[in-house]
Each structure stands twice: as structure tokens, then as C-alpha cells.
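Novice: Count the sequence shown with my numbering and you get residues 9 to 133, in order. Heads up, the beta-carbon is just placed ideally off N, CA and C, and yes, glycines get one too.
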Amino acid sequence: MAKTTPILAGLRLRCGNCGKGKLFSGYLKLNSACPVCGRDMTAADTADGPAFFVGFGVLILLAPFLFLLPMSPLPTVAKVFAFAALCIVLIGLCLILLPVAKAILLNLQLHHGAKQVTASDIKDS
9 MAKTTPILAG
19 LRLRCGNCGK
29 GKLFSGYLKL
39 NSACPVCGRD
49 MTAADTADGP
59 AFFVGFGVLI
69 LLAPFLFLLP
79 MSPLPTVAKV
89 FAFAALCIVL
99 IGLCLILLPV
109 AKAILLNLQL
119 HHGAKQVTAS
129 DIKDS
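(1) Am I right that threonine 12 and glycine 27 are in contact with their C-beta atoms under 8 Å? What's the rounded C-beta distance?
(2) Taking buried to mean at least 16 other C-beta atoms within 10 Å of its own C-beta, is leucine 16 buried or exposed?
(3) How big is the Cα-Cα spacing for asparagine 115 and glycine 57?
(4) What separation, rounded to the nearest whole angstrom, lies between the Cα atoms of cysteine 109 and valine 62?
(5) Who are the near neighbours of methionine 9 in its chain, counting only those whose CB is closer than 6 Å to its CB and skipping five residues on each side?
(6) Could you give the uninterrupted runs of the alpha helix (DSSP H) lying entirely in the segment 70-125, keeping only those of 4 residues or more?
(7) Could you tell me whether the Cβ atoms of alanine 51 and leucine 118 are closer together than 8 Å?
(8) Residues in its own chain within less than 7 Å of leucine 74 by CB, not counting five upstream and five downstream?
(9) What does arginine 47 pair with, by DSSP beta-bridge criteria?
(10) Measure from the alpha carbon of leucine 106 to the alpha carbon of each residue in Cys42, Ala55 and Cys23, then state which is nearest.
(11) In whole angstroms, give me the CA-to-CA distance for leucine 80 and lysine 37.
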């Protein structure tokens, strides 16, 4: 059985260990363990990382349109509709990319054994 990479498995919303089990039981609700290989998913916490990366990336892509729209020679009604369309695209992209980003970050954390640093860890170093 060939091992899958954490990133490719995350793109498919699958377990980074076996590449077959689903990571999510809901939209962003993680399974406590992989249904196929039993890998514990509670050991990692992605926190706000996926939301930051998705929001930052989508805004980099759409910001030029949001800045140029008010300066366009379109009538006001057309500008309002264009702005509403851009907002729908922005929200849609974020909703589509958020589970993928969470899956990739979770798989990378589990793959590399990343843990949360505590105050006692800082004192020991």
C-alpha cells in the first residue's frame, strides 16, 4: 500500500495516513478518528490557520477588482450589482476552500507530530 502525502490527501479531504478515510463528519466537524485506519484526529488543532490562509489568499485575488470597481465608468446600479456579485464570489470561494485548507493543515500537523507549546516546554528549553 503506497502512502499518500499529507497535502494530496488534504486536497481530497482524506486521512493523511491511509489516504482513504474521510476527515470530516460535517462541513468542518472532524471525525475523532479515521474510519479506515483508526488514526487519532484529536491530537492536532488547526485553530484559525485555515481561515487566515483562505481569507488572505482570496482577498489577494479579488482585492484588485474591489478597488477598481468604484473607479469604473459603469452606472451606479451596475456597480452595485457588480459589487454584490464580487461579494458572492468571495464568500463562495472562502466556503469552498476552507475545508480543503483545514484538511491540509491538519494532515501536515499530524504527519510532522506538531504539538501545542506549553509554558513548561518554554522553561525546559
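Specialist: Taking the coordinates as given:
(1) Position 4 of the sequence shown, counting from 1, holds the residue named residue 12. Position 19 of the sequence shown, counting from 1, holds the residue named residue 27. Right, their Cβ atoms sit about 3 Å apart.
(2) Numbered from 1 along the sequence shown, position 8 holds the residue referred to as residue 16. Exposed, by the Cβ-count rule.
(3) Your numbering for residue 115 matches position 107 in the sequence shown. Your numbering for residue 57 matches position 49 in the sequence shown. Their backbone Cα atoms lie some 13 Å apart in a straight line.
(4) As a first step, residue 109 is located in the sequence shown; it is residue number 101 there, counting from the start. As a first step, residue 62 is located in the sequence shown; it is residue number 54 there, counting from the start. Note on residue identity: the sequence assigns alanine, not cysteine, to residue 109. Roughly 7 Å between the two C-alpha positions.
(5) Counting from 1 along the sequence shown, the entry for residue 9 is found at position 1. At methionine 9 the pLDDT is 45, less than 50, meaning the model places this residue with poor confidence and gives no usable figure here.
(6) Runs of the alpha helix (DSSP H) inside the segment 70-125: 84-120.
(7) The residue labelled residue 51 in the question sits at position 43 within the sequence shown. The residue labelled residue 118 in the question sits at position 110 within the sequence shown. Yes.
(8) Here residue 74 is taken as the residue at index 66 of the sequence shown, counted from 1. Contacts found: Leu94.
(9) Translated into the one-based positions of the sequence shown, residue 47 becomes position 39. Bridge partners of arginine 47: none, in fact.
(10) Reading the sequence shown from its first residue, position 98 is the one you call residue 106. Of Cys42, Ala55 and Cys23, the residue nearest in Cα terms is Ala55.
(11) Position 72 of the sequence shown, counted from the start, is the residue given in the question as residue 80. Position 29 of the sequence shown, counted from the start, is the residue given in the question as residue 37. It is worth fixing the name first, because residue 80 is serine in this sequence and not leucine. One C-alpha to the other measures close to 42 Å.
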